[in-house]
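Contents: one structure, followed by commentary.
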Amino acid sequence: MSHVLKRRGILPVHILVRTAILPGRQRRLMGPAFSHVTMRIRETIVSAMDDKLASGTVASELVYGVLKALSLAYSAGLWVRKVAYRLQLLRTHVLPVPVISVGNVTVGGSGKTPMCVYLAKLSRMANLRPLVLTRGYGEDEDKMMMQLLDGVAGVGSGARRYEIGSHMLNNEDDQLQTLDCKYKHLPNGTMETSANHGLNYDLIILDDGLQHSRILRDFHVVMINCLDPPTQHKHLLPRGRLREPLCDAIKLADVIVVHNADKVSERKVQEVEDDVRSLAVNSRGKSFNTTERKMHLTVRSHFSPSRMTRLTCKGDQDREMPRRQELELSNCAVYCFAGIANPEGFFQSVKSLSPALYLGETSFPDHHKYCLRDLEDITQAAKRENQEIHEDRLPIVIITTEKDVARSGEMIETFFNQQQVEVCILGGDLVLHGDPSQLVELCLLPSALRRMLTSRPSS
Numbered sequence: 001m002s003h004v005l006k007r008r009g010i011l012p013v014h015i016l017v018r019t020a021i022l023p024g025r026q027r028r029l030m031g032p033a034f035s036h037v038t039m040r041i042r043e044t045i046v047s048a049m050d051d052k053l054a055s056g057t058v059a060s061e062l063v064y065g066v067l068k069a070l071s072l073a074y075s076a077g078l079w080v081r082k083v084a085y086r087l088q089l090l091r092t093h094v095l096p097v098p099v100i101s102v103g104n105v106t107v108g109g110s111g112k113t114p115m116c117v118y119l120a121k122l123s124r125m126a127n128l129r130p131l132v133l134t135r136g137y138g139e140d141e142d143k144m145m146m147q148l149l150d151g152v153a154g155v156g157s158g159a160r161r162y163e164i165g166s167h168m169l170n171n172e173d174d175q176l177q178t179l180d181c182k183y184k185h186l187p188n189g190t191m192e193t194s195a196n197h198g199l200n201y202d203l204i205i206l207d208d209g210l211q212h213s214r215i216l217r218d219f220h221v222v223m224i225n226c227l228d229p230p231t232q233h234k235h236l237l238p239r240g241r242l243r244e245p246l247c248d249a250i251k252l253a254d255v256i257v258v259h260n261a262d263k264v265s266e267r268k269v270q271e272v273e274d275d276v277r278s279l280a281v282n283s284r285g286k287s288f289n290t291t292e293r294k295m296h297l298t299v300r301s302h303f304s305p306s307r308m309t310r311l312t313c314k315g316d317q318d319r320e321m322p323r324r325q326e327l328e329l330s331n332c333a334v335y336c337f338a339g340i341a342n343p344e345g346f347f348q349s350v351k352s353l354s355p356a357l358y359l360g361e362t363s364f365p366d367h368h369k370y371c372l373r374d375l376e377d378i379t380q381a382a383k384r385e386n387q388e389i390h391e392d393r394l395p396i397v398i399i400t401t402e403k404d405v406a407r408s409g410e411m412i413e414t415f416f417n418q419q420q421v422e423v424c425i426l427g428g429d430l431v432l433h434g435d436p437s438q439l440v441e442l443c444l445l446p447s448a449l450r451r452m453l454t455s456r457p458s459s
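For the sequence shown, the positions run 1 to 459 when full-length UniProt numbering is used.
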């Protein structure tokens, strides 16, 4: 029986209040205790967003009331911002190359980063030089994006994405030094090597760009997670998980990618696609697949585990493990942990590698920074389940994500080496169902970019 370790529950109101008003110095002195309390507060809010708090109690009604009031304020802010851009009180900047936005409607993981990597690789295959601009929520996303796109695309990470993109396009590294950002050029990325009017790059892929109106975007790729479809959510942040009304996002979408399509039934996938088409018809007053204004495309995708690396090694073991079809997990009890948004897809991928020997999982909030207590809890849970299911006859292998290792890899490696427990990192790639050329020819590349492709010599 699979064990899932999750910290749940709601703190008493007086603890929430007392914690919130503590001076910063006292909060720092509390150390791990304060970290644990803030985690409980965060999980309380997440439970309220998912309507999982126990109803009828004074504390839960108070939390729901506060979050609903904040959602109304958030909704008003969205409306004011939209009007400000429409009246040009806020300026939308135009970059000199096509911009492809990859975004989602709900908070949490929906495959945005794997899709950006996929599009960057697709662009390179089309003889283009892509630049990926990301907001970089947390140091883990910066590191992981730069590792995955090494030699594939330039990467710029920071809040001021227009300025970062503009300077990287023009090879103005001295100007980048004045911005609070991280960046990495594509090798040989000089203005002389590009055929696009002396610019460093041929196109920009804007990670998490659906709500980023400050940059004019030519194409919108909207990710929808089958495991947590936005059509099931009714409330805006922070009462719910919607970042904007779903109909507004569908209006912008050129491509809808239904992600994690392999993790649910065919019937469920079709229900999600039908809901999206219905919303599109209502928002436009015409068929979703019409060609009157744009060519729209709905495609499916999934995460395919394709690489596993040992983080901790015993003796002469190699860090690089065989590919998925040869993974040597047949004689190991497998446990996994993840601090990512919507980790269910990752857990299912791990379980598919060794379903009969899967012990369970531990989940943490997105961008969670691990402490020793967390790693001790993971170890104890894995050993407890191994004892209960296999009577400790099998060695334990603990599997985590590339993002978690990018965030806390040194601590994780040190701790589990001391415990003499093997830890592996499971990575993979986004796989589109069907013919990828359909995405390129019909929706991915704006017409100006297609014209440039036909005029460029192949190399």
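Note that beta-carbon positions come from the ideal geometry of N, C-alpha and C, so glycine has one too.
Between the alpha carbons of R86 and G77, how many angstroms are there, rounded? So the alpha carbons of these two residues sit roughly 14 Å apart.
Rank Y137, R135, E141, Y201 by C-alpha distance to the C-alpha of H167 and give the top, closest one. A check of alpha carbon separations from H167 across Y137, R135, E141, Y201 identifies Y201 as the nearest.
Is the beta carbon of A253 sitting closer than 8 Å to the one on C226? No, Cβ-Cβ distance for A253 and C226 is not below 8 Å.
In whole angstroms, what is the alpha-carbon distance linking R161 and I389? 50 Å
Using DSSP with H/G/I as helix, E/B as strand and the rest coil, what is residue 495? This structure does not reach residue 495, given that the chain is present from 1 up to 459, and the question cannot be answered.
Within the continuous alpha helix (DSSP H) that includes V105, where are the two ends? Per DSSP, V105 belongs to no alpha helix (DSSP H) and is neither H nor E.
Where the beta strand (DSSP E) containing residue 471 begins and where it ends: The structure shown does not extend to residue 471, since the chain is modelled only from 1 to 459, so the question has no answer here.
Pairwise C-alpha distance: R407 and H367: Going from the Cα of H367 to the Cα of R407 covers about 8 Å.
Determine the contact status of V221 and I100, defining contact as a CB-CB distance below 8 Å. yes
For C332 versus L394, is the C-beta distance shorter than 8 Å? yes
Are the beta-carbon atoms of H93 and R217 separated by less than 8 Å? no
Give the straight-line distance between the Cα atoms of S157 and H185, rounded to the nearest whole angstrom. 12 Å
Among residues of its own chain, excluding the 5 on either side of L375, which ones have a beta-carbon nearer than 6 Å to its beta-carbon? F415
So R241 and V269 are in contact, right, with Cβ under 8 Å, and what is the actual spacing, rounded? That belief does not hold up - the Cβ atoms of R241 and V269 are roughly 20 Å apart, past 8 Å.
So, using beta-carbon positions, are I204 and V102 closer together than 8 Å? no
Could you give the DSSP three-state label for D429: helix, strand or coil? strand
Give the straight-line distance between the Cα atoms of T312 and E402, rounded to the nearest whole angstrom. 14 Å
Out of A126, K121, L329, which has the shortest C-alpha to C-alpha gap to V132? K121
Taking the runs of the alpha helix (DSSP H) that are 4 residues or longer, which of them lie wholly in the region 67-132? 112-125
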